[in-house]
Amino acid sequence: MRSLNPIRRLVEQIGPAQDREMNPFAAIDDQLAQRAKAEGWELCTEWAEAPARYFHIHGDRPWDCFQVNIAAPSGDQMNVTARSIDTNDGIEFEATFSGAVADFGNLLAAAVKTIEVWRGRSAWTR
730 MRSLNPIRRL VEQIGPAQDR EMNPFAAIDD QLAQRAKAEG WELCTEWAEA
780 PARYFHIHGD RPWDCFQVNI AAPSGDQMNV TARSIDTNDG IEFEATFSGA
830 VADFGNLLAA AVKTIEVWRG RSAWTR
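Each residue of the sequence shown is one higher than the one before, starting from 730 at the first, in my numbering.
In structure tokens, the structure reads:
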């Protein structure tokens, strides 16, 4: 049976022996796919016909939209960036969390937590 998970499909297409060479995200894909499924994130795995990993989190206000972008690991290091895509008030946000690939779960959690703070910014002006 063919997997519905886009990351799993990619692995099935290229095979496990070539996985790390062909997929620069192989070291984090399983953990990311599990977390995305648990949180209900729609994980994007390609941008401009190149491998990518990112997802969007909608704001509490209409039209607010944020993105978490996971850069391909380089050696044993990686970056996870949280940023605003569009906001009602025109404020732009961006924060990058850097660390070891082994610490990916914590980097991802920090990015998502940061976006949650940004989403609640209407309380800042009250």
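Cβ atoms here follow ideal geometry from the backbone N, Cα and C, with glycine treated the same way.
Rounded to whole angstroms, what's the CA-CA distance from residue i to residue j? Just pull it up for me.
{"i": "His-787", "j": "Gly-804", "result": "32 Å"}
{"i": "Gly-849", "j": "Asp-789", "result": "7 Å"}
{"i": "Ala-800", "j": "Arg-782", "result": "7 Å"}
{"i": "Phe-754", "j": "Pro-802", "result": "7 Å"}
{"i": "Thr-825", "j": "Trp-770", "result": "19 Å"}
{"i": "Asn-835", "j": "Thr-774", "result": "21 Å"}
{"i": "Ile-844", "j": "Ala-777", "result": "25 Å"}
{"i": "Ala-762", "j": "Gly-828", "result": "20 Å"}
{"i": "Ala-765", "j": "Asp-758", "result": "10 Å"}
{"i": "Arg-837", "j": "Leu-772", "result": "Looking at the sequence provided, one finds Leu at residue 837 rather than Arg. Going by the C-alpha atoms only, they are around 13 Å apart."}
When burial is assigned at 16 or more other CB atoms within 10 Å of the CB, is residue i buried or exposed?
{"i": "Trp-847", "result": "buried"}
{"i": "Ala-840", "result": "buried"}
{"i": "Ala-767", "result": "exposed"}
{"i": "Ile-820", "result": "exposed"}
Report the CB separation of residue i from residue j in whole angstroms; it is logged as a contact under 8 Å.
{"i": "Trp-792", "j": "Asn-817", "result": "5 Å"}
{"i": "Thr-784", "j": "Met-807", "result": "Note that residue 784 corresponds to Phe in the displayed sequence, not to Thr. Not a contact, Cβ separation roughly 16 Å."}
{"i": "Ala-756", "j": "Val-830", "result": "5 Å"}
Kindly indicate the opening and closing residues of the alpha helix (DSSP H) around residue i.
{"i": "Trp-847", "result": "833-848"}
{"i": "Ala-777", "result": "That residue, Ala-777, is in no alpha helix (DSSP H); it is neither H nor E in DSSP."}
{"i": "Glu-768", "result": "755-768"}
If you follow the beta strand (DSSP E) that residue i is in, where does it begin and where does it stop?
{"i": "Arg-812", "result": "806-815"}
{"i": "Phe-822", "result": "Element bounds for Phe-822: n/a, residue is neither H nor E."}
I'd like to know if the segment 805-818 and the segment 788-797 are in contact, where contact means that at least 3 CB-CB pairs between them fall below 8 Å.
yes
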